[in-house]
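Engineer:
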Amino acid sequence: MSTATLTIDLDAIAANWRSLDRMTGPGVQTAAVVKADAYGLGVTRVARALAHAGARRFFVAYAEEGAAVRQALGPGPQVAVLSGHMAGDTEMIHDLDLTPMLNSLEQITRHLEALPGHAFGVQLDTGMNRLGVEMLEWQAVAPILLEAGPELLMSHLACADESQHPLNEAQLATFHAMTDGTGLPRSLAATGGILLGPRYHFDLTRPGVGLFGGLPHVAAHPVVTLSLPVIQTREVEPGEAVGYGCTWVAERPSVIATVGGGYADGLPRTLSNKARLWDGDTPCPLVGRVSMDLITVDITHLPEVPRSLDILGPHQGVDALAEVGGTIGYEMLTSLGRRYQRRHQERGA
Ligand SMILES: *Cc1c(COP(=O)(O)O)cnc(C)c1O
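The sequence shown maps to residues 1 to 349 in full-length UniProt numbering.
Here's what the structure looks like:
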């Protein structure tokens with residue numbers, strides 16, 4: 001195998017969905033957010049595994065992503081589009097039976113005029129100031145819109161990963177003010193919101209990152225292993241430097257392995273001289289700078305040269321590696337490179 005291998009454990013994703021589903025009451029549905037190619041893990045296989053686990057509603061960011069999910073799942077499951085009904089998307093929304101979450105008066109007008117009778121939901125802005133219909137607009141349009149029968153009223157929390165943040169309660173109160181008495185299904189919680197407790201669960205939750213082994217779902221099963229092939233090794237003498245800029249200099253006779261993978265594959269330069277790779281249970285320090293396609297690793301202490309070294313796996317998950325690189329698990333996952341050979345593992349439930 002000449003390129004790096006990204007192994008994706010579909011059973012772990014299914015188990016994570018089930019465990020998030022169990023965190024809410026029996027009347028609460030659990031959807032699955034599979035935007036950005038299922039957080040970089042391959043939406044076709046991931047969506048099928050989640051549907052098999054029991055997910056019936058899927059969320060994506062854009063209509064094009066919705067098309068991929070519909071293709072993977074066929075008719076039946078709901079595919080909701082968070083960016084709503086954008087100009088030019090009408091045909092796709094109609095033909096592939098996508099359910100746009102309308103975000104503005106403009107989108108509401110577009111949808112009701114272009115596709116009267118076609119399913120939709122409404123996204124409300126309760127304080128994040130990113131997407132959604134705002135309070136005053138909502139008060140003006142709600143009486144007409146509620147008659148058209150939205151399938152869902154939803155909003156998104158800005159600070160759900162900080163349980164004590166005052167904006168959580170404020171957004172919850174605003175969501176109640178905007179939706180109480182409508183009698184319609186409601187959704188406020190993503191992964192972080194599920195962990196905030198039942199007051200945030202309403203009728204439907206929308207976990208994404210927690211399915212894929214990321215924080216804030218602390219109990220998540222690890223989902224990805226990323227193995228980088230050893231291309232070459234060399235011995236360096238004390239005083240010799242390794243890599244661009246000579247940022248690492250050997251202090252003892254050392255064996256350096258050069259492995260395939262670099263910042264072009266989503267392994268950021270900020271990991272230079274900081275991260276560790278693993279040979280089974282043995283950590284090996286990354287030395288020198290991460291370059292575009294290559295990383296150099298000190299393997300002096302290993303009894304023999306391994307065929308590959310793991311930079312993501314049971315010893316170092318996406319959040320741990322992200323922290324070393326100064327980013328978050330979400331960004332680490334969605335940056336996972338196109339060059340990796342993606343291998344989806346599934347034993348079946
Ligand atoms: C991305 C997203 C989610 C999923 O969030 P996670 O934190 O990954 O669980 C849910 N709802 C909306 C509106 C989103 O944009």
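By construction, the Cβ of each residue, glycine as well, lies at the ideal position given by its N, Cα and C atoms.
Does the count of Cβ pairs from the segment 239 to 257 and the segment 68 to 82 closer than 8 Å reach three?
Structural biologist: Result no; under three Cβ-Cβ pairs closer than 8 Å.
Engineer: Taking 8 Å as the cut-off, is the beta-carbon of Val-33 closer than that to any non-hydrogen atom of ligand 1?
Structural biologist: Residue numbering aside, residue 33 sits at position 33 when the sequence shown is read from its first letter. Yes, since a heavy atom of ligand 1 falls inside the 8 Å radius drawn around the Cβ of Val-33.
Engineer: The alpha helix (DSSP H) with Ser-254 in it runs from where to where?
Structural biologist: Taking the sequence shown and counting its residues from 1, one reaches residue 254 at position 254. No alpha helix (DSSP H) holds Ser-254; the beta strand (DSSP E) holding it covers 254 to 260.
Engineer: What does the alpha-carbon distance come out to for the pair Arg-186 and Ser-254?
Structural biologist: For the purposes of this step, residue 186 is taken as residue 186 along the sequence shown, with counting starting at 1. For the purposes of this step, residue 254 is taken as residue 254 along the sequence shown, with counting starting at 1. In a straight line, the C-alpha of Arg-186 is about 60 Å away from that of Ser-254.
Engineer: How is Phe-212 classed by DSSP in three states: helix, strand or coil?
Structural biologist: Residue numbering aside, residue 212 sits at position 212 when the sequence shown is read from its first letter. Helix, per DSSP.
Engineer: When the distance is taken between beta carbons, is Gly-40 closer than 9 Å to Gly-266?
Structural biologist: In the sequence shown, residue 266 corresponds to position 266, counting from 1. In the sequence shown, residue 40 corresponds to position 40, counting from 1. Yes, they are a contact pair.
Engineer: With a threshold of 16 other CB atoms inside 10 Å of the CB of Thr-24, please say whether the residue is buried or exposed.
Structural biologist: Within the sequence shown, numbered from 1, the residue matching residue 24 stands at position 24. The residue is buried, with at least 16 neighbouring Cβ atoms inside 10 Å.
Engineer: Is Ala-14 near ligand 1, with its Cβ less than 8 Å from a heavy atom?
Structural biologist: Against the sequence shown, residue 14 aligns to sequence position 14. Result no, Cβ not under 8 Å from ligand 1.
Engineer: So for Ile-299, helix, strand or coil by DSSP?
Structural biologist: Taking the sequence shown and counting its residues from 1, one reaches residue 299 at position 299. Ile-299 falls in the coil class under three-state DSSP.
Engineer: Taking all protein chains shown into account, do 16 or more other C-beta atoms lie within 10 angstroms of the C-beta of Ile-231, making it buried, or fewer, making it exposed?
Structural biologist: The sequence position of residue 231 within the sequence shown is 231, counting from 1. Classification of Ile-231: exposed, given that the 10 Å Cβ count is below 16.
Engineer: Can you round the beta-carbon distance between Thr-99 and Glu-151 to whole angstroms, since I take them to be within the 8 Å contact cut?
Structural biologist: Locating residue 99 in the sequence shown gives position 99, counting from the first residue. Locating residue 151 in the sequence shown gives position 151, counting from the first residue. About 6 Å; that satisfies the 8 Å criterion.
Engineer: I'd like the ranges of any alpha helix (DSSP H) spanning at least 4 consecutive residues and lying wholly in the segment 137 to 186.
Structural biologist: With a minimum length of 4 residues, the continuous alpha helix (DSSP H) runs that stay inside the segment 137 to 186 are 166 to 179.
Engineer: Given 8 Å as the limit, is there contact between the segment 204 to 219 and the segment 232 to 240, that is, 3 or more CB pairs closer than that?
Structural biologist: The answer is no - the segment 232 to 240 does not touch the segment 204 to 219, with fewer than three Cβ pairs under 8 Å.
Engineer: Which term fits residue 365, buried or exposed, when burial requires 16 or more other beta carbons within 10 angstroms of its beta carbon?
Structural biologist: Because the chain spans 1 through 349 in this model, residue 365 falls outside it and cannot be assessed.
Engineer: With the cut-off set at 9 Å, would you say Cys-284 and Asp-293 are in Cβ contact?
Structural biologist: Indexing the sequence shown from 1 puts residue 284 at position 284. Indexing the sequence shown from 1 puts residue 293 at position 293. Not closer than 9 Å, so no.
Engineer: Should Arg-234 go down as buried or exposed, given a rule of 16 or more other Cβ atoms within 10 Å for buried?
Structural biologist: Taking the first residue of the sequence shown as position 1, residue 234 is located at position 234. Burial call: exposed.
Engineer: Tell me the residue span of the beta strand (DSSP E) that contains Arg-276.
Structural biologist: Sequence index remark: in the sequence shown, residue 276 carries index 276 (1-based). 276 to 279 is the extent of the beta strand (DSSP E) around Arg-276.
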